[in-house]
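Heads up, the thing below is written out as structure tokens.
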Amino acid sequence: MDLEELLEQQHGLISRAQAHACGLTDRRVEWMVESGRWRRIHLGVYATITGPLSFEARVWAAILRAGRGAVASHSTAAFLDGLCDDPGAVIHVTAPGERHVRGKIDGVRVHYAWRLPLTRHPSKSPPRTRIDDTVLDLVDMASHPREAEGWITAACQRRLTTPHRLADALGRRKKIRWRGMIEAMLVDVAEGAQSPLELRHLRRVERAHGLPAGCRQRRASGQRVVWIDVDYDAYGVRVELDGRIGHTGEGRFRDRQRDNRATVDGHATLRYGHGDVFGDPCGVAAEQARVLRARGWTGVVRACRAGCPAAHPCDHRRSTTP
Numbered sequence: 006m007d008l009e010e011l012l013e014q015q016h017g018l019i020s021r022a023q024a025h026a027c028g029l030t031d032r033r034v035e036w037m038v039e040s041g042r043w044r045r046i047h048l049g050v051y052a053t054i055t056g057p058l059s060f061e062a063r064v065w066a067a068i069l070r071a072g073r074g075a076v077a078s079h080s081t082a083a084f085l086d087g088l089c090d091d092p093g094a095v096i097h098v099t100a101p102g103e104r105h106v107r108g109k110i111d112g113v114r115v116h117y118a119w120r121l122p123l124t125r126h127p128s129k130s131p132p133r134t135r136i137d138d139t140v141l142d143l144v145d146m147a148s149h150p151r152e153a154e155g156w157i158t159a160a161c162q163r164r165l166t167t168p169h170r171l172a173d174a175l176g177r178r179k180k181i182r183w184r185g186m187i188e189a190m191l192v193d194v195a196e197g198a199q200s201p202l203e204l205r206h207l208r209r210v211e212r213a214h215g216l217p218a219g220c221r222q223r224r225a226s227g228q229r230v231v232w233i234d235v236d237y238d239a240y241g242v243r244v245e246l247d248g249r250i251g252h253t254g255e256g257r258f259r260d261r262q263r264d265n266r267a268t269v270d271g272h273a274t275l276r277y278g279h280g281d282v283f284g285d286p287c288g289v290a291a292e293q294a295r296v297l298r299a300r301g302w303t304g305v306v307r308a309c310r311a312g313c314p315a316a317h318p319c320d321h322r323r324s325t326t327p
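Here the sequence shown stands for residues 6 to 327, numbered as in the numbering used here.
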């Protein structure tokens, strides 16, 4: 690859070793820097363009500084692949585990992995880890289970991977934090739960209290296709689990239209947010149980713990009209 092709591929960045391979001497490189044609970004890494560096150029600079075989990883790779909307202030790269990058690199965190040849994507530019391994790297760094859940569900919700592919990648790792939780979670995501809120409802509301199993992310067709978060079709009850986006502006209008259509069709719609499901899962279970019973469910609510108010609805203050 000649110099021009290399610079185009790497967003105007080049390492000293690459410059040598293209026929430039150390003296020529130093002259390019001293004359202002190039500028030094990191030790042995130069920008051949003027003005602020793009995000991709900054990633290339970090990769070139980390050396042979290094790739973007963690939140940096996540941003490049559309898994997150904010890459953060630090560029994350992973280098092969058999060597060590000397010296501190400003604005860059270097990780090491012996399995990097297996987790590196074969063709993407800038070089990065495969999306499944990026997700698991982020899960392994998560300080809280909810953060780990967020990476798994975001990857599946944005259709960047599938629970089955993540399970395969997980099986190839000997060590990873939260393994048991992830394995159980991937089963739930495969069944349709697409966000931490939906997972929480499935586990802490429905399963924990012995409610009937709902159909998740059910596609309902009509004049307009809508998706039902949790559908108890046998009882004509639907549960919508809404984050902040669904509560304002156009989102609120669409929600009202959907609920109105469901009512016209004879369905009862219950709507809960994060505060309800995370803050009072027993109250949500008691409320759902009352509506389900009014529509033919003959089951018994199970106490999720000692003194669970869902199993003693008369002691709980939540109330609803079916």
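Virtual Cβ for every residue (Gly too), placed ideally from N, Cα, C.
Check: Three-state secondary structure assigned by DSSP to R163; Outcome: coil
Check: Per-residue burial, A160 [other beta carbons within 10 Å of its own, 16 or more giving buried]; Outcome: buried
Check: Three-way DSSP call (helix, strand, coil) for D193 in this model; Outcome: helix
Check: Helix, strand or coil at S80 according to DSSP, with G and I counted as helix; Outcome: helix
Check: Proximal residues to H272 (C-beta, below 6 angstroms), its chain only, five neighbours per side dropped; Outcome: G241 and R243
Check: Cα-Cα separation between A299 and V115, rounded to whole angstroms; Outcome: 58 angstroms
Check: Secondary structure of H105, DSSP reduced to three states; Outcome: coil
Check: Identity of the residue in L123, L88 and V235 nearest R163 by Cα; Outcome: L88
Check: Contact check, P101 vs A118, beta carbons under 9 angstroms; Outcome: yes
Check: Distance, I136 Cα to A328 Cα; Outcome: A question about residue 328 goes unanswered here, because the residues of the chain that appear run from 6 up to 327.
Check: Identified DSSP bridge partners for T274; Outcome: R243
Check: Nearest residue (CA-CA) to A22, options L165, G56 and R70; Outcome: R70
Check: Touching by the beta-carbon criterion (3+ pairs, under 8 angstroms), the stretch 93 to 100 and the stretch 44 to 56; Outcome: no
Check: Alpha carbon of R170 to alpha carbon of R224, nearest angstrom; Outcome: 24 angstroms
Check: Residue from T158, D285 and G17 whose Cα sits closest to the Cα of R63; Outcome: G17
Check: Neighbour-count burial assignment, D7, 16 or more Cβ in a 10 Å radius; Outcome: exposed
Check: Simplified DSSP state of T134, which is helix, strand or coil; Outcome: strand
Check: Contact check, L143 vs R178, beta carbons under 9 angstroms; Outcome: no
Check: Contacting residues, own chain, Cβ-Cβ under 7 angstroms from E61 (five flanking each side not counted); Outcome: H16 and P131
Check: Supposed close pair V38, R45 - CB separation, criterion 8 angstroms; Outcome: 6 angstroms
Check: Proximity of A67 and A77 at Cβ, strictly below 9 angstroms; Outcome: yes
Check: Buried or exposed by the 16-neighbour rule on C-beta atoms within 10 Å, applied to L123; Outcome: exposed
Check: Contact set for G197: own chain, Cβ-Cβ below 6 angstroms, skip 5 residues either direction; Outcome: R221 and Q222
Check: Euclidean distance between Cα positions of L297 and G304; Outcome: 9 angstroms
Check: The stretch 176 to 190 / the stretch 273 to 287 touching (three or more Cβ pairs under 8 angstroms); Outcome: no
Check: Helix, strand or coil at V115 according to DSSP, with G and I counted as helix; Outcome: strand
Check: R208 versus H79 - alpha carbon distance; Outcome: 28 angstroms
Check: Top-ranked residue by Cα proximity to A308, from D236, D238 and H214; Outcome: H214
Check: T30, buried or exposed, once every other Cβ within 10 Å from all chains shown has been counted against 16; Outcome: exposed
Check: Cβ neighbour criterion (16 or more within 10 Å) applied to A328; Outcome: In the structure as shown, the chain begins at 6 and stops at 327. Residue 328 is therefore absent and cannot be evaluated.
Check: Sequence-distant residues of the same chain with beta carbon closer than 7 angstroms to Q199, five excluded per side; Outcome: T158, C161, Q162 and Q222
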